Amino acid sequence: MAVLIDGKAIAQKVKEEVAAGSEALVREYGEAARPNMTLIVVGSDAVSRKLVSMKAADCEAAGIIPTVITLSESTTEEKLLRLIERLNEDEDVRAILCQLPLPEHISTKKVLAAIAPDKDVDGFSARIDSDDYDVAACTPAAVMRMLRESGVDVAGKHCVVVGRSNIVGKPMAIQLLLNDATVTVCHSKTRDIAEHTKRADVLIVAVGRPRFVTGDMVKDGAVVIDVGMNYIDGRPVGDVAFDEVEPKASMITPVPGGVGPMTRAGLLVNALTLAERKAK
Ligand code: NAP
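Take 132 as the starting number for the sequence shown in this note's numbering and just add one per residue.
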């Protein structure tokens, strides 16, 4: 039976660290230095709105002041870009988040690129440069922290990432490389994915397809991280067929309660880092 990597418990520890960090910052530089986060949500998608309200509640618990801006589905790209420009220029705004997905008539690429790197709390603008990785993409940073907390050192190990999106797969591969792993990245054009996943010491799956990785695709004793978050009949389901993979793995993350809460905690870490940079 695999050890369950408890994202909720690790996230709680991270939140407490951030809360202590926020108070230390305020003690040193005054209330004006307190971290804050402006969260933008466009449209009426229930999951997006719920996620934003959860992120705002996380902020409050960690001594970070949240401001939620809710825009209608019909908001134009131009209006959203103008709002981001205004927030970029506002000296009092320390961190900006734009909840994805955006309505189809708005370019996600343009919107994310418009957020000033020194306010990009999601860490999407982190360059392939270790100096910039103190504000890293939250999900890959969350995975790295979960591995560290579980005593998994990726140095020298073969890590296989399934998925190459700009927000998960690619920055995940970079963070693994920065930690001396040997990395294979698979995607929709990869031939015989199982041939690669079966050789993984650490398998990280971010595909967006329920139960994509089955038991026969995993080597005995592998550490398996399921980033996937799919909804079937309103219930969250991962990209890994947990019931088949868990008996073979040495460690595995559940869905829900795995990477999700840790990604949200990662946002708080980034918000504190951005506020500290600004104060100093
Ligand atoms: P995405 O942008 O849709 O990217 C999916 C990736 O999977 C792409 O690189 C795609 O390959 C690859 N892929 C799709 N079908 C495949 C197939 N049949 N075989 C091999 N590769 C395939 O998704 P994402 O934003 O990275 O998110 C991935 C999953 O993680 C989703 O379920 C999302 O909800 C979840 N997620 C969870 C969290 C969290 O905090 N838990 C955070 C972010 C995302 P191509 O590039 O070739 O198209």
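Note that the Cβ used here is the ideal one computed from N, Cα and C, for glycine as well. Computed from a predicted model, the values in this text were never measured in an experiment.
C-alpha distance - Q143 paired with V172, whole-angstrom precision: Approximately 25 Å between the Cα atoms of the pair.
Cβ-Cβ separation, I324 to A293 (assumed contact under 8 Å), whole Å: Looking at the sequence shown, residue 293 is not Ala but Val. About 7 Å; that satisfies the 8 Å criterion.
Three-state secondary structure assigned by DSSP to N103: Nothing about residue 103 can be read from this structure; the chain reaches only from 132 to 411.
D323 (DSSP reduced to helix, strand or coil): coil
beta-carbon H327 near the ligand NAP non-hydrogen atom, thresh 6 Å: no
Residue closest to M303, alpha-carbon to alpha-carbon, out of T404, A272 and R330: A272
Proximal residues to I227 (C-beta, below 6 Å), its chain only, five neighbours per side dropped: T169, L218, I246 and K250
Spatially closest choice to I200 from G174, D189, P166 and K409, by CA coordinates: From the listed residues G174, D189, P166 and K409, the smallest Cα separation to I200 is found for G174.
R366 - partner residues in DSSP beta bridges: In DSSP, R366 forms a bridge with I363.
Proximity test, S179 beta-carbon vs the ligand NAP heavy atom, cut-off 6 Å: no
Heavy atom of the ligand NAP within 6 Å of I363 beta-carbon: no
Presumed contact (8 Å Cβ cut-off) between N361 and G339, rounded CB distance: Rounded, the Cβ-Cβ distance is 7 Å, consistent with contact.
Three or more C-beta pairs below 8 Å linking the region 133-153 and the region 210-217: no
Counted within 10 angstroms of its Cβ, other Cβ atoms place M132 as buried (16 or more) or exposed: exposed
Opening and closing residue of the beta strand (DSSP E) in which M168 lies: N167 to V173
N- and C-terminal bounds of the alpha helix (DSSP H) containing T270: First-last of the alpha helix (DSSP H) with T270: C269 to E280.
Reduced DSSP secondary structure (H/G/I, E/B, other) of P197: When DSSP states are grouped into helix, strand and coil, P197 belongs to the strand group.
Between the CA atoms of D189 and D176 - distance to the nearest angstrom: Cα to Cα, D176 sits roughly 20 Å from D189.
Among T206, K186, D364 and S205, the one whose alpha carbon lies nearest that of P197: K186
Segment contact, 8 Å Cβ cut-off, at least three pairs: the region 396-406 with the region 300-315: Contact between the region 396-406 and the region 300-315 is absent, because fewer than three Cβ pairs lie under 8 Å.
Pick from E216, V224, E162 and L231 that is closest to V178, judged by C-alpha positions: L231
Pick from D221, E204 and V224 that is closest to I237, judged by C-alpha positions: E204
Residues near V134 in its chain [Cβ-Cβ closer than 6 Å; skip 5 each side]: M382
Own chain partners of C290 with C-beta closer than 6 Å, once the 5 adjacent residues on each side are dropped: L307, A312, V314 and V333
The beta strand (DSSP E) enclosing I335, as first and last residue numbers: V333 to V336
The ligand NAP heavy atom lying under 6 Å from the CB of T270: yes
Helix, strand or coil at I246 [DSSP, three-state]: DSSP places I246 in coil when its eight states are reduced to three.
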